[in-house]
Structure formats: structure tokens, C-alpha cells
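Under UniProt numbering, the sequence shown has 317 at position 317, and the numbering climbs by one with no breaks. First the structure, in the form of C-alpha cells, and then the observations on it.
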Amino acid sequence: MTSRSYLHKLLLLGLFFTHSIFAQNLNTWPNKPVKIIVPYGAAGSSDTLARIIADQLSKVFKQTFIVENKPGAGGTIASEMVAKSAPDGYTLVISGIGSHVIAPFQYANKYDPVKDFTHIAFLGGPPLALVVNPNLPITDLKSFVNYAKSQANGMVYGSPGIGTHGNIIGEYFAEINNISLVHVGYKGGGTVVNDIAGGQLPAGFMTLTSAKSLVMGNKLRLISVSSAKRITNFPKTPTFEELGYPKLTSTTWFSVSGPAGMPSNIVEKLNMAINQSMQTPQAREKLEFEDMEFTPMTPPEFNKFFQNEISTWGPIAVKVLPK
1 MTSRSYLHKL LLLGLFFTHS IFAQNLNTWP NKPVKIIVPY GAAGSSDTLA
51 RIIADQLSKV FKQTFIVENK PGAGGTIASE MVAKSAPDGY TLVISGIGSH
101 VIAPFQYANK YDPVKDFTHI AFLGGPPLAL VVNPNLPITD LKSFVNYAKS
151 QANGMVYGSP GIGTHGNIIG EYFAEINNIS LVHVGYKGGG TVVNDIAGGQ
201 LPAGFMTLTS AKSLVMGNKL RLISVSSAKR ITNFPKTPTF EELGYPKLTS
251 TTWFSVSGPA GMPSNIVEKL NMAINQSMQT PQAREKLEFE DMEFTPMTPP
301 EFNKFFQNEI STWGPIAVKV LPK
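Quick look at the structure:
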């Protein structure tokens with residue numbers, strides 16, 4: 001046997017064993033703990049959703065699903081880390097409108113939100129809320145606009161951070177109404193609502209989840225929400241669409257993604273299990289309490305939705321957000 005033919009047989013043997021091991025891993029996935037990386041801090045909407053599905057997936061697959069919070073840079077730090085991980089189904093990320101639709105248009109090209117990820121399942125999320133300090137003479141959207149126009153140096157508003165969904169909606173709302181809104185970016189929705197309630201800040205755009213308890217305690221005034229229909233828990237609060245702003249209809253949605261190139265059978269397993277997990281009585285109760293909207297989607301349906309969101313919000317992000 002010549003050395004060349006011997007090397008050729010070794011190569012074929014190596015490929016055979018590599019393929020066999022890979023196929024075996026696909027059939028036995030998951031055979032070790034799976035990480036779900038949350039690119040934001042604990043106790044937010046993304047963290048809540050991650051823990052809902054981690055608990056349910058652990059039961060479905062008889063394996064541990066671990067939630068890890070790695071906040072920073074609008075969700076891009078954790079997302080970039082996952083994009084560079086092995087596409088074996090053991091490292092996932094809570095993706096969403098902030099980290100995968102808005103942030104890529106604002107930050108340096110850390111990753112391609114389409115090409116560098118396998119988008120697995122839609123989780124939904126809460127609507128945005130416009131809230132104000134209840135001591136201000138603002139009772140509806142019209143008086144909010146009028147009050148903003150009366151401020152010589154512009155009206156200050158807060159959001160959970162630069163480049164967040166709240167920030168982009170605030171800037172877009174200002175542009176539509178030709179008013180001056182001065183943005184203050186915080187590190188999370190909780191600090192924003194506390195400052196508004198305390199009178200240090202007049203108004204803010206953030207998820208309804210973040211503002212809910214203070215609104216119910218009459219320490220914040222809820223002006224409008226970005227959902228397609230009125231929220232069950234706040235039936236008297238109109239939507240932006242009702243008030244003539246259909247382009248502001250959206251949710252701060254989240255999803256589950258992994259690195260590009262994940263095996264299709266793992267993606268399908270995860271998608272089916274996540275859709276089922278989000279519709280359990282426990283999950284539905286939690287979603288309703290958090291005012292979150294969920295619509296089950298297959299991977300192709302979610303990818304189509306994802307592309308539409310980039311087409312809708314990408315140009316707006318480029319136009320209104322600071323670089």
C-alpha cells in the first residue's frame with residue numbers, strides 16, 4: 001500500500017467517525033446542559049421569558065437549561081458571543097427587536113443579525129408605554145404634545161437605554177409631531193420609572209411591564225400603549241393606533257436564536273417545545289400578568305417576521321438614533 005493511498009484511507013476513516021459522532025449527537029441532543037444567554041439584566045421582560053422557557057424545556061427534554069444574564073451595549077455583547085459559539089444547540093440567546101433589529105444599525109458591525117444566527121422561535125413581549133409624572137398637566141397624548149411644545153429647551157424623557165425600543169419610539173414620535181424631546185438613557189426600565197415617579201424626570205417610554213406597578217399605585221400616569229389592541233389590565237388606556245399613530249404599533253418582542261448553521265432537527269425540536277411551553281397554563285398566567293403578547297410561529301414564519309421587522313425599524317433606527 002502506498003503512503004498516499006494509506007493517507008487517503010485514514011482521511012476517509014476520520015470523516016466517517018466524525019460524521020458518525022455528529023449524527024449521534026444530533027440524535028441524543030441534548031445530552032448536557034444548555035445555556036440560554038440573556039443579553040440584559042435580571043428581572044426584565046427578556047429575563048422573565050427566558051426563565052419561563054428554561055423551566056419548561058428542562059421538563060420536556062429531561063436536561064438542565066441554564067439562564068445566564070450578560071448585559072451590555074444594547075444586548076450586542078452577549079449576542080456577539082453566541083454568534084461565535086459552536087452551532088450545536090448548547091448555546092442559545094434571547095434575541096429580539098432591541099439586540100437584533102435596532103442595535104445592529106447603531107453599533108459597529110459586531111454581527112449580521114440575519115447571517116450570523118439561526119432564528120428558532122418567537123416569544124413575544126410587552127407593549128411600550130408612555131408614562132408621565134401624575135403632577136404634570138398631561139392627561140392624554142394631545143396634552144403631552146402641547147406640553148412638549150411649551151418647553152423652550154425641549155421636553156426631557158427617559159428610556160431603559162440608548163438604542164432601546166423605548167428610545168427609538170420616543171425619537172420617532174418626536175419626529176412625527178415635530179417636537180423636541182431630549183433623551184436620557186438609563187440602565188434599565190426600573191430606574192427610569194422611579195425617577196419619573198419621584199419627579200426627577202417628566203416622562204418616559206419603556207415597557208408596560210416596567211411601569212405597571214407604579215401605574216397601578218397611581219405614582220405614574222399611563223398615557224398610551226403601543227399594542228395593537230387595548231390591554232386587559234388597563235382597558236381605559238388607548239393605543240397609539242387609536243390616537244392616529246398606527247406606525248407606532250409594536251411590542252418589545254423577544255425570541256430565541258442560536259449561532260448560524262444549527263442542525264434543522266434541533267431547531268425544529270426547540271421550536272415545537274418552546275411554542276408548547278409558552279402555551280402552558282403557568283406560562284399563560286405569567287404572560288397575562290406581565291401584559292405580554294405571544295403568537296406561536298414556525299421557524300419559517302418567524303424568519304419572515306424577523307425580516308419584516310428589520311425592513312420596518314432599520315431605516316427608522318438609522319434616521320433617528322445617534323451614532
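Ideal placement from N, C-alpha and C gives every residue a C-beta, glycine not left out.
Contacting residues, own chain, Cβ-Cβ under 6 Å from F61 (five flanking each side not counted):
Counted from its first residue, the sequence shown places residue 61 at position 61. Same-chain partners within the cutoff: P30.
Do T118 and G261 count as a contact pair if the criterion is CB distance below 8 Å?
For the purposes of this step, residue 261 is taken as the residue at position 261 of the sequence shown. For the purposes of this step, residue 118 is taken as the residue at position 118 of the sequence shown. Against a cut-off of 8 Å, the Cβ pair of T118 and G261 comes out as a contact.
Cut-off 8 Å between Cβ atoms - residues of its own chain near A273, not counting five sequence neighbours on either side
Locating residue 273 in the sequence shown gives position 273, counting from the first residue. Correct list, in chain order: Q56, L57, V60 and F61.
Taking the Cβ atom as the reference point for each residue, do Q106 and G158 lie within a distance shorter than 8 Å?
The count along the sequence shown starts at 1 and reaches residue 106 at position 106. The count along the sequence shown starts at 1 and reaches residue 158 at position 158. No; because the gap between Cβ atoms is not below 8 Å, this pair is not in contact.
When you compare only the Cα positions, how much space is there between F294 and L123?
Walking along the sequence shown from the start, residue 294 turns up at place 294. Walking along the sequence shown from the start, residue 123 turns up at place 123. F294 and L123: Cα-Cα distance of roughly 6 Å.
Given that a residue counts as buried once 16 or more other Cβ atoms are within 10 Å of its Cβ, and exposed if not, what is F240?
In the sequence shown, residue 240 corresponds to position 240, counting from 1. With 16 or more other Cβ atoms within 10 Å, it is buried.
C-alpha distance - D195 paired with L201, whole-angstrom precision:
As a first step, residue 195 is located in the sequence shown; it is residue number 195 there, counting from the start. As a first step, residue 201 is located in the sequence shown; it is residue number 201 there, counting from the start. Each residue's alpha carbon lies about 6 Å from the other.
Compute the Euclidean distance between the alpha carbons of A42 and F306, then round it to the nearest angstrom.
The residue given as residue 42 occupies position 42 in the sequence shown. The residue given as residue 306 occupies position 306 in the sequence shown. Approximately 25 Å, taken between the alpha carbons.
Neighbourhood of S46 by C-beta distance below 6 Å, restricted to the same chain and skipping five residues each side
Against the sequence shown, residue 46 aligns to sequence position 46. Once the five neighbours on either side are set aside, the close Cβ partners of S46 are V38, Y40, I94 and F254.
Where the alpha helix (DSSP H) containing residue 335 begins and where it ends:
Nothing about residue 335 can be read from this structure; the chain reaches only from 1 to 323.
Would you check if the distance between the CB atom of T76 and the CB atom of S85 is smaller than 8 Å?
On the sequence shown, residue 76 is found 76 positions in, with the first residue counted as 1. On the sequence shown, residue 85 is found 85 positions in, with the first residue counted as 1. Going by C-beta atoms, T76 is not nearer than 8 Å to S85.
Could you pull the start and end residues of the alpha helix (DSSP H) that V267 belongs to?
Taking the first residue of the sequence shown as position 1, residue 267 is located at position 267. S264 to S277 is the extent of the alpha helix (DSSP H) around V267.
Should G44 be labelled buried (16 or more other beta-carbon atoms within 10 Å of its own) or exposed?
Numbered from 1 along the sequence shown, position 44 holds the residue referred to as residue 44. With 16 or more other Cβ atoms within 10 Å, it is buried.
DSSP-derived helix/strand/coil call for M81:
Within the sequence shown, numbered from 1, the residue matching residue 81 stands at position 81. Of the three classes helix, strand and coil, the one that applies to M81 here is helix, per DSSP.
Going by the beta-carbon positions, is the gap between V215 and G204 smaller than 8 Å?
As a working note, residue 215 is residue 215 in the sequence shown. As a working note, residue 204 is residue 204 in the sequence shown. Not closer than 8 Å, so no.
Bounding residues of the beta strand (DSSP E) (the contiguous stretch that carries L222):
Along the sequence shown, read from residue 1 onward, the residue named residue 222 stands at position 222. R221 to V225 is the extent of the beta strand (DSSP E) around L222.
Helix, strand or coil at I66 [DSSP, three-state]
Position 66 of the sequence shown, counted from the start, is the residue given in the question as residue 66. If DSSP states are grouped into helix, strand and coil, I66 belongs with the strands.
Hey, is the segment 170-185 in contact with the segment 143-159, meaning 3+ C-beta pairs nearer than 8 Å?
yes
Within its chain, find whatever has a CB closer than 6 Å to the CB of A50; leave out the 5 residues flanking it on each side and keep chain order.
The residue labelled residue 50 in the question sits at position 50 within the sequence shown. Cβ within range, chain order: I36, V38, V67 and I94.
Can you list, in chain order, the stretches of the beta strand (DSSP E) that have 3 or more residues and sit fully within the segment 113-139?
117-124 and 128-132
Return the residue from the list T252, A174, E268 and E242 that minimises the CA-CA distance to H165.
Against the sequence shown, residue 165 aligns to sequence position 165. The residue with the shortest Cα to Cα distance from H165 is T252.
Tell me, please, which residues DSSP counts as bridged to S95.
Here residue 95 is taken as the residue at index 95 of the sequence shown, counted from 1. Answer is S255, bridged to S95.
Exposed or buried, what is G189 when buried is set at 16 or more other beta-carbons lying within 10 Å of its beta-carbon?
The count along the sequence shown starts at 1 and reaches residue 189 at position 189. When all chains shown are included, G189 counts as buried.
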